[in-house]
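Chains as they are written, first to last, in our numbering: chain A, 1 to 207; chain B, 1001 to 1207. Here a beta-carbon is modelled for each residue, glycine too, at the ideal position from N, C-alpha and C. Here the structure is a predicted model, which is why all the values come from computation and not from measurement.
Protein chains: 2
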Amino acid sequence: MKLQAAIDRVSLEEAKKIAHDLDGIVDIIEFGTSIIKDYGLETLKTQDIKLEKSKLLLDLKTNDEGKYEFEKGFETAADILTVMGGSSKDTIEQTYAVTQAVNKDILIDLIETTDDKIDQVSDCKNAIFGLHHSKDSGKNFDAVASVAQFAQKHPDIKKIAVAGGINIDQAKKIAQQGIATTIIVGGQIAGASDPVKAAKEFMEVIQ
Amino acid sequence: MKLQAAIDRVSLEEAKKIAHDLDGIVDIIEFGTSIIKDYGLETLKTQDIKLEKSKLLLDLKTNDEGKYEFEKGFETAADILTVMGGSSKDTIEQTYAVTQAVNKDILIDLIETTDDKIDQVSDCKNAIFGLHHSKDSGKNFDAVASVAQFAQKHPDIKKIAVAGGINIDQAKKIAQQGIATTIIVGGQIAGASDPVKAAKEFMEVIQ
């Protein structure tokens, strides 16, 4: 299982520092939507954000204009971009096509996405499907149960990421469960007083 | 009825030029999502984007972290910000609360939003509900029929904007229909060889 550490709501300098500190410690480093909307892709293109060992995910959260946003996004050092599962099927298909063409990765963010829409786009075989509990909806998220339920409903989907206030106990349980392929951890790593130490603790429990 | 002119997929310099040219000609000038994701709110805060007469809308398309994004967004010269109807009810309520607190405006973008979700947030009485056909889904959008259908399903919603490839004929018909309170026009104005002339033609048919 892979560990993705998300960095959000900090200055670009701080985000870059955390990212470089975590490079090689976690599998994927995410620059969250807040970093993109605060600083913009044009700025990110000019910054030293390329990672040596970890993959870089930009949480673009595309809702429309899929081709434009993904082409722009992949002009940065990003290896993985995200599209909203709640966007139109056409948008998801456009972003998937751009991603396949450049041989990179896409995560479909399933916040509030209906099962019907998931079924409509489940033929995007190389996409990562991201189970994602809205941050704004508080802490009532049972990640383990959500992953089990998702896998039962959508048995053909193999790449599953899960996000939403995941702590070290939940990470351990998700790893033991053996369904999800990536866990995404936000504040528990990037917001820790020692992000590298926190990341190593998460890596340990998911092995 | 108000006219909102959306500016997208151009450089920030070009966007600013079009915005200042259209200031006072149209009611609302929109900096589209592409401008925000390309340049970022931190940059937009430092730029001369304040308008003298027209209102400024930033098409933030918030999906999560509603409070953070709207507080950041309103640090710019924006009068109106947008949230996705497909985000969680909590996100929409957070963004609505921030907007009310600063006495500004919010547009809920209804791309792919279910009727059930619209009903859940229809008590956001001061929100503008934006009927929005995904750009990526092509041209099969009957704006007039969509507005009529929406008003029938949601009779309590009074502020209705409509967007999606609207040309001058459709604008005229929507004005005659008398339901929508704002029409949003993109490329037909901002992409015209003479945006001011195009905007004036739209203003004329919607009076």
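Asked                                                                                                                    : Found
What beta strand (DSSP E) runs, 3 residues minimum, are completely inside the stretch 149-183 of chain A?                : 160-163
Tell me whether V988/B sits in a helix, a strand or coil according to DSSP, three-state version.                         : There is no way to answer for residue 988/B, as the model of chain B reaches only from 1001 to 1207.
If you run the structure through DSSP and keep just helix, strand and coil, what is F74/A?                               : coil
Between which two residues does the alpha helix (DSSP H) carrying H1020/B extend?                                        : L1012 to L1022
Got a sec, what are the start and stop residues for the beta strand (DSSP E) L1044/B sits in?                            : No beta strand (DSSP E) contains L1044/B, which is instead part of the alpha helix (DSSP H) from L1041 to T1046.
Could one say the Cβ of Q1207/B lies closer than 9 Å to chain A's Cβ atoms, at least one of them?                        : no
Using a Cβ cut-off of 9 Å, which residues of the stretch 58-78 of chain A contact any Cβ in chain B, in chain order?     : L60, K61, T62, N63, D64, E65, G66, K67, Y68, E69, K72 and G73
Please state whether the Cβ-Cβ distance between T1182/B and Q1004/B is less than 9 Å.                                    : yes
At what residues does the beta strand (DSSP E) containing M203/A begin and finish?                                       : Careful: M203/A lies outside any beta strand (DSSP E), inside the alpha helix (DSSP H) at P195 to I206.
Counting only beta-carbon separations shorter than 9 Å, does G24/A have a partner in chain B?                            : no
When you compare the CB of G1138/B with every CB in chain A, is at least one pair closer than 9 Å?                       : yes
For E1112/B, go through chain A and note every residue whose CB falls closer than 7 Å to its CB, in chain order.         : G86, S87 and S88
What does the alpha-carbon distance come out to for the pair I166/A and G186/A?                                          : 8 Å
List the residues of chain B whose Cβ lies closer than 7 Å to the Cβ of Y39/A, in chain order.                           : G1040 and E1042
Please look up how many angstroms separate the CB atoms of G1085/B and K1117/B, rounded, as I've assumed it's under 8 Å. : 6 Å
Helix, strand or coil for V102/A? Go by DSSP, reduced to three states.                                                   : coil
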